[in-house]
Amino acid sequence: THLHAIAKPAIGFEFWFGLIALLVFAPAGAWLLNELVAFSGQRAISNNSLVAFFLSLYGVLFILLGFVMALAMWFAEQVGLFVISTAAVFDRKVSVSLALWEKIIRIPALFRLGLLQAVFYAAAGIPFICGVGLTYWLFLGAKDINYYLTARPWEWWAALAVAGTFVAEYLVVAIWMYVRWLFSVPAIIYEDAGPMGALQTSWQRTRGRFRELSFPFVVWWGVVLGTSMIITWLIRVGAVSLLRDTELSLKVILPTVIVALALIAIVQVISFTIGKIVHVVLMVAFYTDSAPVPPRPIEPGGSRIQISPKGLRRIVWVFAGVACFTGLTSGAVFLETRNVNRTIAITAHRGSSLKAPENTLSAIRQAISDGADYAEIDVQTTADGTVVLMHDADFMRIASVNRRIDQTSYEEVKDIDVGSWFAQEFSSERVATLQETMDVARGRIKLNIELKYNRPDPTLAEEVARIVQNKGFSSECVVTSLSYLPLLETKGMLPDVKTGLIVAGAVGEVYKVDTDFLSINAARATPGLVREAHRHGKKVHVWTVNDVGNALS
Numbered sequence: 390t391h392l393h394a395i396a397k398p399a400i401g402f403e404f405w406f407g408l409i410a411l412l413v414f415a416p417a418g419a420w421l422l423n424e425l426v427a428f429s430g431q432r433a434i435s436n437n438s439l440v441a442f443f444l445s446l447y448g449v450l451f452i453l454l455g456f457v458m459a460l461a462m463w464f465a466e467q468v469g470l471f472v473i474s475t476a477a478v479f480d481r482k483v484s485v486s487l488a489l490w491e492k493i494i495r496i497p498a499l500f501r502l503g504l505l506q507a508v509f510y511a512a513a514g515i516p517f518i519c520g521v522g523l524t525y526w527l528f529l530g531a532k533d534i535n536y537y538l539t540a541r542p543w544e545w546w547a548a549l550a551v552a553g554t555f556v557a558e559y560l561v562v563a564i565w566m567y568v569r570w571l572f573s574v575p576a577i578i579y580e581d582a583g584p585m586g587a588l589q590t591s592w593q594r595t596r597g598r599f600r601e602l603s604f605p606f607v608v609w610w611g612v613v614l615g616t617s618m619i620i621t622w623l624i625r626v627g628a629v630s631l632l633r634d635t636e637l638s639l640k641v642i643l644p645t646v647i648v649a650l651a652l653i654a655i656v657q658v659i660s661f662t663i664g665k666i667v668h669v670v671l672m673v674a675f676y677t678d679s680a681p682v683p684p685r686p687i688e689p690g691g692s693r694i695q696i697s698p699k700g701l702r703r704i705v706w707v708f709a710g711v712a713c714f715t716g717l718t719s720g721a722v723f724l725e726t727r728n729v730n731r732t733i734a735i736t737a738h739r740g741s742s743l744k745a746p747e748n749t750l751s752a753i754r755q756a757i758s759d760g761a762d763y764a765e766i767d768v769q770t771t772a773d774g775t776v777v778l779m780h781d782a783d784f785m786r787i788a789s790v791n792r793r794i795d796q797t798s799y800e801e802v803k804d805i806d807v808g809s810w811f812a813q814e815f816s817s818e819r820v821a822t823l824q825e826t827m828d829v830a831r832g833r834i835k836l837n838i839e840l841k842y843n844r845p846d847p848t849l850a851e852e853v854a855r856i857v858q859n860k861g862f863s864s865e866c867v868v869t870s871l872s873y874l875p876l877l878e879t880k881g882m883l884p885d886v887k888t889g890l891i892v893a894g895a896v897g898e899v900y901k902v903d904t905d906f907l908s909i910n911a912a913r914a915t916p917g918l919v920r921e922a923h924r925h926g927k928k929v930h931v932w933t934v935n936d937v938g939n940a941l942s
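If you read the sequence shown in our numbering, its first letter stands for residue 390, the second for the next number, and so on.
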């Protein structure tokens, strides 16, 4: 009945809330989290170091603080929508500025509420996290994880089933806790309750009502998410089809990708804005039925700040003008400084691993034949220190041999068939050394040498640097790794060789690491990260871009 009256001020509030979050709260939160990472002694933590970091005191604080800030922002959003929705029940209008002010003055209480809830959620998750970790150790700890991902033996499916059960159980517990605390925010708004008192009040009023309260929310969000996913999929399919039917050049790709991404962003913003507004309307309805005294509208006056709709519109026009000027200026600079017909360097992953067995001389020769600019290879040392091409910690996936590379000498390694798994025609393929690979590649293709650390290997970086130096290969390779310190070691020994940190996941200001470039997953290569990397003098290599559809992911 009141949705029409709620819609206009609620959308206005969502606009201003998003703007304030984008310009104030998000940068402040990112700065605070980055400072926490820096306080641990590093500017950024990535990849292999993430697990150790998150198990440390600083890592636990990072996760907790991030979760608290996310909850506090969601609660603050609820405050404004609650004020607007409650007023609509009494056929009253509330200005957007009043809703924003009510949100701002309650930030301290909402932050404490978020802290309490985050601690309880974390405590409830400890048994489930331990269960998942124990499952991994029992079922997947014996062999390299890539073997399980590829071969999918019974241990993989058993681990997936058990771990999935733990995750599903925790999700049920978390949803149950969320529903039991459903009325904590309105209790702070309308009953002047403190954070702990609000949790207790909500706990009492939701007792025995989990199904009644949860069902409408589950159905509603199912509709929102399903609709958003379907529309997004249709946009992506349409864009990909358009690109496949036209000449592939940046003059066509760039505007198509920009328009598609803009449409996807608009669809998602609209979907989730409507979703959150209706979510709070449902909360208001349930709270009104449960509260001893129906909530009364927040009245303007006192110290509450009021800005007229006309004043808000003027501010919007100022923001819009600044945004348009900035966008046009940035676009002009971008087009002026970019050559849309520039050459793109292509890297063949583990050699041409689609047409030949990965990390073999056949894969390198195929990459040369395909016209790739670089061949990416993974290198490790055998038990006797020989640098060979190998991705996994053992030979199970590529040779069905249950031997770890660090426990096998090169004399034993060189007799292992690493080609038949791919196709019988490659049955003569054996493990290649780095020296052999350089001999094949020299003058024909450059190498992206990834230092692969499946176990502690203090000699790997030094051995690779020695081989590169002895072979005179510095100008024909780059050295990359998921591990940061070995790259510093390599740079110290080979100043002329470009080094790159592979970023699968990171916290902190990863663009400040002391490497020549960042090698970033396509899903993480956001415009902001690329812009910051360039500002700090670093190039960005993006993986994995296998088809046009990746550009729209």
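Here a beta-carbon is modelled for each residue, glycine too, at the ideal position from N, C-alpha and C.
Which value, in whole angstroms, describes the spacing of the CA atoms of residue i and residue j?
i	j	result
Thr749	Ile653	41 Å
Tyr525	Arg541	14 Å
Leu778	Glu852	13 Å
Gly448	Ala441	8 Å
Val669	Gly469	10 Å
Ala550	Phe528	11 Å
Glu801	Leu743	27 Å
Leu454	Ala417	12 Å
Gly894	Leu439	8 Å
Ala512	Asp806	49 Å
Arg819	Val776	14 Å
Gly691	Gln593	For Gly691, the predicted model reports a pLDDT of 48, less than 50, meaning its position is unreliable and no value from the coordinates is stated.
Gln824	Gly664	59 Å
Gly611	Arg625	21 Å
Phe404	Glu558	36 Å
Gly917	Phe414	17 Å
Arg844	Gly530	14 Å
Val656	Trp810	45 Å
Met462	Asp783	46 Å
Val673	Ile452	31 Å
His930	Ala587	49 Å
Arg924	Val641	27 Å
Lys492	Val426	29 Å
Ser573	Leu412	28 Å
With a Cβ-Cβ cutoff of 8 Å, do residue i and residue j count as a contact?
i	j	result
Thr677	Val478	yes
Asp795	Ala821	no
Gly889	Thr904	yes
Val568	Leu614	no
Ala812	Ile753	no
Asn423	His780	no
Met882	Ala854	yes
Leu849	Pro875	yes
Leu504	Ile577	no
Taking the alpha helix (DSSP H) that residue i belongs to, which residues open and close that run?
i	result
Thr826	823 to 830
Tyr873	Taken as a continuous stretch (DSSP letters only), Tyr873 belongs to no alpha helix (DSSP H), as it is neither H nor E.
Trp420	415 to 428
Ile687	Segment: none, Ile687 is in no alpha helix (DSSP H) and carries neither H nor E.
Ala788	785 to 788
Lys927	No alpha helix (DSSP H) contains Lys927, which DSSP labels as neither H nor E.
Asn535	534 to 540
Lys860	849 to 860
Glu800	799 to 802
Hey, quick one: how far does the beta strand (DSSP E) through residue i stretch, first residue to last?
i	result
Gln769	763 to 770
Thr736	736 to 738
Leu890	887 to 892
Buried or exposed for residue i, going by 16 or more other Cβ atoms inside 10 Å?
i	result
Met618	exposed
Ala399	buried
Asp767	buried
Leu518	The question names Leu, but residue 518 in the sequence shown is Ile. Classification of Ile518: exposed, given that the 10 Å Cβ count is below 16.
Trp570	buried
Phe406	buried
Pro575	buried
Trp490	buried
Arg685	exposed
Lys397	exposed
Val483	buried
Asp533	buried
Ser435	buried
Leu560	exposed
Glu747	buried
Gly808	buried
Gly740	buried
Write down every uninterrupted run of the alpha helix (DSSP H) in the stretch 582 to 627 whose length is 4 residues or greater and which is fully enclosed by it, in chain order. 584 to 594
Just list the alpha helix (DSSP H) runs in the stretch 483 to 518, keeping only unbroken ones of 4 residues or longer that don't cross its boundaries, in chain order. 485 to 494
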